[in-house]
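**Student:** Below is a structure I'd like to ask you about.
Number of protein chains: 4
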Amino acid sequence: MTQAMTRPRSAEATKARILGAAKQEFARLGFAGARVDEIAEKAQANKRMIYHYFGSKEMLFQLVLEEAYLDIRSAEQALKLDDLPPLDALEKLVTFTWQYYLDNPEFITLVNSANLHRAKHIAESTKLPASSQKLNQMVQDILDRGVKDGVFRPNVDALQLNITIAAVGYYYLTNRHTGAVLFERDYMDPQALDERLAFNVETILRLVRA
Amino acid sequence: MTQAMTRPRSAEATKARILGAAKQEFARLGFAGARVDEIAEKAQANKRMIYHYFGSKEMLFQLVLEEAYLDIRSAEQALKLDDLPPLDALEKLVTFTWQYYLDNPEFITLVNSANLHRAKHIAESTKLPASSQKLNQMVQDILDRGVKDGVFRPNVDALQLNITIAAVGYYYLTNRHTGAVLFERDYMDPQALDERLAFNVETILRLVRA
Amino acid sequence: MTQAMTRPRSAEATKARILGAAKQEFARLGFAGARVDEIAEKAQANKRMIYHYFGSKEMLFQLVLEEAYLDIRSAEQALKLDDLPPLDALEKLVTFTWQYYLDNPEFITLVNSANLHRAKHIAESTKLPASSQKLNQMVQDILDRGVKDGVFRPNVDALQLNITIAAVGYYYLTNRHTGAVLFERDYMDPQALDERLAFNVETILRLVRA
Amino acid sequence: MTQAMTRPRSAEATKARILGAAKQEFARLGFAGARVDEIAEKAQANKRMIYHYFGSKEMLFQLVLEEAYLDIRSAEQALKLDDLPPLDALEKLVTFTWQYYLDNPEFITLVNSANLHRAKHIAESTKLPASSQKLNQMVQDILDRGVKDGVFRPNVDALQLNITIAAVGYYYLTNRHTGAVLFERDYMDPQALDERLAFNVETILRLVRA
DNA sequence: TATGAATGAGTGTTCATTCAT
DNA sequence: AATGAATGAACACTCATTCAT
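Chains A, B, C and D supply the protein sequences, listed in that same order. Anchor point for the first sequence: position 76 equals 76 in the working numbering, and the numbering is continuous, going up by one each time. Anchor point for the second sequence: position 187 equals 1187 in the working numbering, and the numbering is continuous, going up by one each time. Anchor point for the third sequence: position 16 equals 2016 in the working numbering, and the numbering is continuous, going up by one each time. Anchor point for the fourth sequence: position 140 equals 3140 in the working numbering, and the numbering is continuous, going up by one each time.
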């Protein structure tokens, strides 16, 4: 009521609220589990608006996914790793990636859901390959600088490294619930998180060190 | 149907067919996306039988999950890593884990689905912690032997190592669809698979080597 | 359908149609026997609407029951029995009750169904005790006036009298089908109905007369 | 197991157990609400046996109903009311009827369920009209004797009296759950039961007294 | 720009009943 | 005489989506 009155009748604001709610719900329940009704309600919007602005649940998911990927890619670029010595740059990337997953837990479940559907929701995207290419290049540059400086060994594949940097953080976090049951530990305990990050930094640095 | 006529009226066989079909469907579409109707049809069974033997979709999922975990744990134990030198043992475990994921792609999506639901379907299991504990001990033994032999550095945490061994394979495979779009590569190309495995072995060995 | 096109898109009208159809079906087949599909169809509504407006079959039954009770209580209050001499008032109440059961046969089967479920569907209602209390008071007033006038004997319990007034009509009608088989009579023959009403009036008046 | 072993493999015993369990379940949940599975289990019998001995759920209900009616009719005959003075005989019948309903609560819900289905389950019965006729004759005899003795007024219809005797007890008990909610009383409180019986005796005696 | 009302096709689940031994 | 296995039709309930204003 009051909220509805003070809320600006702005198309952009409505779209943004819908996208935000959709990201939450898709992340929480997966694509199949999320409910259009619930998204509309959480967005303080009308269900009809979702179809007006996004066309379908699938297309809404597409946009949510694309936005999620562009967000992390953009945050990576903002790190300005080129200004750091190669070793520091790499450590910073590992740490950033880990922290990003911690701060944006939706990202992981969204990506999982996207892969369950065999990435069909982003298959048409052109922005995502472009931005990913930039990430790859960024790591390649760090590697090149490290090799030139003699601190990194040569012939480390940038893409494999990238994947591994993501993997060691992502896997720990996405599987934290089953992990907790299987190994009877609290994966999210602050000290446990610190230990994992340290382990991951060690893993990556040993992998590239000359 | 002819099949229906020749199919034996055996509770165990029917249960097994249902479990098999359920594993397929849960893996293919996630828990929420899988359809009880479809599972029944694929199992050449009646929907009623699913409820007769398993009680509910949720309990069916529980059993599928538990079975999936016990299968990999049992395969790991069958490796007889104790009979190998520590370095060989570790390499064999990395290779086995990778190959197991490749041969049993359902495992990964099942685990993802379990985690989306915050592991509630295995929370009550007692078999799983027990078998996981054995895996951990197995790796701990390898590490201990390696340290004693002077080939491994000391103070490598067995659980972290375990997680990392899984992570470097699991992540690559679970995210192969989005990865293919983002990085415009065929993650499943045989050569790409070989390269990834080699990279992973390198990662793990560098991590523990003295 | 033409009907569908001319039918106004009004929430209140739809709710009312659903309630009406539900009353019919619950009365005809009992709570367990009634079918949500059938109710929707008879209401010229969509099954989804039932869940939208009423939440569940059980809650729909609750509303139907509450409405049924409030209707008869309201009709009783409309009799203005206070304006009649006590004897006439009592006779009018007996006659009214009998006629109400005849005119609203759903009432009886609804109440039977409610009692089969041990009244759980109205257990939370606050309106019903209030309106019943008013009925009781109404009869108490008639009794008091009759005693004061010397036409009624003292110490007749109002609630017991109320129950008996209902009983002598209700039982005859609810058990008319088995009664017809057992005693090989047509319980609904107009003359039989008249005779029963006369008998009931006699029963009640003899019970209270001084 | 053990029970199954000690239980005699007797067709009659099995049928009796099934009938007993069916009476319970039909009484508890109505015809539509009762479950064949549950009846079989409660009878410690096999579901197949129900179909073997009774043919269908409907025919099982028929037998249960018929048995229930024959039981009360037989108990009424056992009262030997002919040996009592008419007033005592009538009072004893009222009291017996009340007590029978209290002791056999299934009877009431079975009859309600039979009537919900418009008595189709007993429509073919020939035993029931015959035994009901005997009940009617019994009351007629009491009335005749009472009139001859000058304690009863003439021209009281035996069937109407019969119905009323049943009504004043039956209604109170079948509607005890809704009654408890509406009038906020415990209908089954021992003192409440005594008061109701006394009220009913008074009602019937005043009705026939000369 | 926005919304409440409405819907058809499904979704997990349950049922009375029959088959095979 | 008895039973476990199996089934199709139906059940209450839910969903993404469209209509009417």
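Ideal Cβ positions, reconstructed from N, Cα and C, are used throughout, including at glycine.
With a threshold of 8 Å between beta-carbons, can residue 1147(B) be considered close to chain A, or not?
**Tutor:** As a first step, residue 1147(B) is located in the second sequence; it is residue number 147 there, counting from the start. Closer than 8 Å: no.
**Student:** Grab the span of the alpha helix (DSSP H) containing residue 2085(C) for me, first residue to last.
**Tutor:** For the purposes of this step, residue 2085(C) is taken as the residue at position 85 of the third sequence. Looking at the DSSP string, residue 2085(C) is not in any alpha helix (DSSP H), and its letter there is neither H nor E.
**Student:** In this structure, how does DSSP classify residue 2209(C) when only helix, strand and coil are distinguished?
**Tutor:** For the purposes of this step, residue 2209(C) is identified with residue 209 of the third sequence, where counting begins at 1. Three-state result, residue 2209(C): strand.
**Student:** May I have the straight-line CA-CA distance separating residue 2194(C) from residue 2091(C), to the nearest angstrom?
**Tutor:** Position 194 of the third sequence, counted from the start, is the residue given in the question as residue 2194(C). Position 91 of the third sequence, counted from the start, is the residue given in the question as residue 2091(C). If I take the Cα positions, the gap works out to 14 Å.
**Student:** In whole angstroms, give me the CA-to-CA distance for residue 3088(D) and residue 3201(D).
**Tutor:** The residue labelled residue 3088(D) in the question sits at position 88 within the fourth sequence. The residue labelled residue 3201(D) in the question sits at position 201 within the fourth sequence. Straight-line Cα distance between these residues: approximately 11 Å.
**Student:** Taking beta-carbon pairs under 8 Å, can you tell me which members of the segment 2153 to 2187 of chain C lie near chain D?
**Tutor:** Within the segment 2153 to 2187 of chain C, the qualifying residues are 2157, 2159, 2160, 2163, 2164, 2166, 2167, 2168, 2170, 2171, 2172, 2174, 2175, 2176, 2177, 2178, 2179, 2180, 2181, 2182, 2183, 2184 and 2185.
**Student:** Among the candidates 1027(B), 1018(B), 1057(B) and 1208(B), whose CA atom is the shortest distance from the CA of residue 1043(B)?
**Tutor:** In the second sequence, residue 1043(B) corresponds to position 43, counting from 1. For residue 1043(B), the nearest C-alpha among the options comes from 1018(B).
**Student:** Does the distance from the C-beta atom of residue 166(A) to that of residue 1171(B) stay below 8 Å?
**Tutor:** Working through the first sequence from its first residue, we reach residue 166(A) at position 166. Working through the second sequence from its first residue, we reach residue 1171(B) at position 171. Yes, they are a contact pair.
**Student:** Just list the residues that DSSP pairs residue 3152(D) with in beta bridges.
**Tutor:** Stepping through the fourth sequence from its first residue, residue 3152(D) is reached at position 152. In DSSP, residue 3152(D) forms a bridge with 3209(D).
**Student:** What are the complete alpha helix (DSSP H) segments, minimum 4 residues, inside the segment 3041 to 3115 of chain D?
**Tutor:** Those alpha helix (DSSP H) runs which fall completely within the segment 3041 to 3115 of chain D and span 4+ residues are 3047 to 3054, 3057 to 3077 and 3086 to 3103.
**Student:** Counting only Cβ-Cβ distances shorter than 7 Å, please list the residues of the segment 104 to 119 of chain A near chain B, keeping chain order.
**Tutor:** Listed by position along the chain: 109, 111, 112, 114, 115, 116, 118 and 119.
**Student:** Mind listing the chain D neighbours of residue 2033(C)? Cutoff is C-beta to C-beta under 7 Å, in chain order.
**Tutor:** Here residue 2033(C) corresponds to residue number 33 of the third sequence, with the count starting at 1. What residue 2033(C) touches in chain D: 3032.
**Student:** Below 8 Å on the Cβ atoms is my contact criterion, and I expect residue 3117(D) with residue 3031(D) to pass it. Report the Cβ-Cβ distance as a whole number of Å.
**Tutor:** Here the question's residue 3117(D) lines up with position 117 in the fourth sequence. Here the question's residue 3031(D) lines up with position 31 in the fourth sequence. Yes, residue 3117(D) and residue 3031(D) are in contact; Cβ-Cβ is about 6 Å, under 8 Å.
**Student:** Between which two residues does the alpha helix (DSSP H) harbouring residue 2166(C) extend?
**Tutor:** Numbered from 1 along the third sequence, position 166 holds the residue referred to as residue 2166(C). Note, residue 2166(C): alpha helix (DSSP H), 2158 to 2174.
**Student:** From the DSSP output, in three-state form, read off residue 1023(B) for me.
**Tutor:** To locate residue 1023(B), count along the second sequence from 1; it is residue 23. Residue 1023(B) falls in the helix class under three-state DSSP.
**Student:** Which of the three DSSP states, helix, strand or coil, is assigned to residue 3185(D)?
**Tutor:** For the purposes of this step, residue 3185(D) is taken as residue 185 along the fourth sequence, with counting starting at 1. Residue state, collapsed to three classes: coil.
**Student:** From residue 2014(C) to residue 2045(C), what distance separates their C-alpha atoms?
**Tutor:** Counted from its first residue, the third sequence places residue 2014(C) at position 14. Counted from its first residue, the third sequence places residue 2045(C) at position 45. Each residue's alpha carbon lies about 7 Å from the other.
**Student:** Chain D beta carbons: is any one of them nearer than 8 Å to that of residue 2056(C)?
**Tutor:** Mapped onto the third sequence, residue 2056(C) falls at position 56. No - not a single Cβ of chain D is within 8 Å of the one on residue 2056(C).
**Student:** Taking the beta carbon of residue 3190(D) as the centre, do at least 16 other beta carbons fall within 10 Å, making it buried, or is it exposed?
**Tutor:** Start at 1 with the first residue of the fourth sequence, and residue 3190(D) comes out as number 190. Answer is exposed; the Cβ neighbour count stays below 16.
**Student:** Can you list, in chain order, the residues of the segment 1018 to 1032 of chain B whose Cβ is nearer than 9 Å to any Cβ on chain A?
**Tutor:** Under the 9 Å Cβ criterion, the segment 1018 to 1032 of chain B contributes 1028, 1029, 1030, 1031 and 1032.
**Student:** Would you kindly work out how many angstroms separate the C-alpha atoms of residue 146(A) and residue 85(A), rounded to a whole number?
**Tutor:** In the first sequence, the residue the question calls residue 146(A) occupies position 146. In the first sequence, the residue the question calls residue 85(A) occupies position 85. Cα-Cα distance, rounded: 8 Å.
**Student:** Of the residues 111(A), 207(A), 131(A) and 185(A), which one's Cα is nearest the Cα of residue 152(A)?
**Tutor:** In the first sequence, the residue the question calls residue 152(A) occupies position 152. Among 111(A), 207(A), 131(A) and 185(A), the Cα nearest to that of residue 152(A) belongs to 207(A).
**Student:** In angstroms, rounded to a whole number, what distance separates the CA positions of residue 150(A) and residue 156(A)?
**Tutor:** The sequence position of residue 150(A) within the first sequence is 150, counting from 1. The sequence position of residue 156(A) within the first sequence is 156, counting from 1. Approximately 13 Å, taken between the alpha carbons.
**Student:** If we count the other Cβ atoms within 10 Å of its Cβ and call it buried at 16 or more, is residue 2074(C) buried or exposed?
**Tutor:** Along the third sequence, read from residue 1 onward, the residue named residue 2074(C) stands at position 74. Under this definition residue 2074(C) is an exposed residue.
**Student:** Please tell me whether residue 1074(B) has its Cβ less than 8 Å away from any Cβ of chain A.
**Tutor:** Taking the first residue of the second sequence as 1, we reach residue 1074(B) at position 74. No, residue 1074(B) does not count as interfacial toward chain A.
**Student:** With 8 Å set as the bound, which would you pick, yes or no: does the beta-carbon of residue 3256(D) sit closer than that to a beta-carbon of chain C?
**Tutor:** Because chain D in this structure spans residues 3001 to 3210, residue 3256(D) falls outside the shown range and cannot be described.
**Student:** I'd like the list of long-range same chain contacts for residue 3159(D), defined as Cβ closer than 7 Å, with 5 residues on each side in sequence excluded.
**Tutor:** Sequence index remark: in the fourth sequence, residue 3159(D) carries index 159 (1-based). So the list reads 3136, once near-sequence residues are dropped.
**Student:** Kindly indicate if chain C contains any beta-carbon less than 8 Å away from that of residue 3199(D).
**Tutor:** Locating residue 3199(D) in the fourth sequence gives position 199, counting from the first residue. Closer than 8 Å to some Cβ of chain C, the Cβ of residue 3199(D) qualifies, so yes.
**Student:** Answer yes or no: does any C-beta atom of chain A fall closer than 8 Å to that of residue 1123(B)?
**Tutor:** Numbered from 1 along the second sequence, position 123 holds the residue referred to as residue 1123(B). Judged by the 8 Å Cβ criterion, residue 1123(B) is in contact with chain A.
**Student:** Using a C-beta to C-beta distance shorter than 8 Å, which residues of chain A count as neighbours of residue 1207(B)?
**Tutor:** Here residue 1207(B) corresponds to residue number 207 of the second sequence, with the count starting at 1. Here the neighbours are 202, 203, 206 and 207.
**Student:** In chain C, what lies closer than 9 Å to residue 3196(D) by C-beta?
**Tutor:** Along the fourth sequence, read from residue 1 onward, the residue named residue 3196(D) stands at position 196. Near residue 3196(D) (Cβ distances below 9 Å), the residues of chain C are 2160 and 2163.
**Student:** Taking buried to mean at least 16 other C-beta atoms within 10 Å of its own C-beta, is residue 1176(B) buried or exposed?
**Tutor:** On the second sequence, residue 1176(B) is found 176 positions in, with the first residue counted as 1. Under this definition residue 1176(B) is a buried residue.
**Student:** Should residue 188(A) be labelled buried (16 or more other beta-carbon atoms within 10 Å of its own) or exposed?
**Tutor:** Locating residue 188(A) in the first sequence gives position 188, counting from the first residue. Residue 188(A) should be labelled exposed.
**Student:** Taking 8 Å as the CB-CB limit, is residue 2190(C) close to chain D?
**Tutor:** On the third sequence, residue 2190(C) is found 190 positions in, with the first residue counted as 1. Chain D contact via Cβ: absent.
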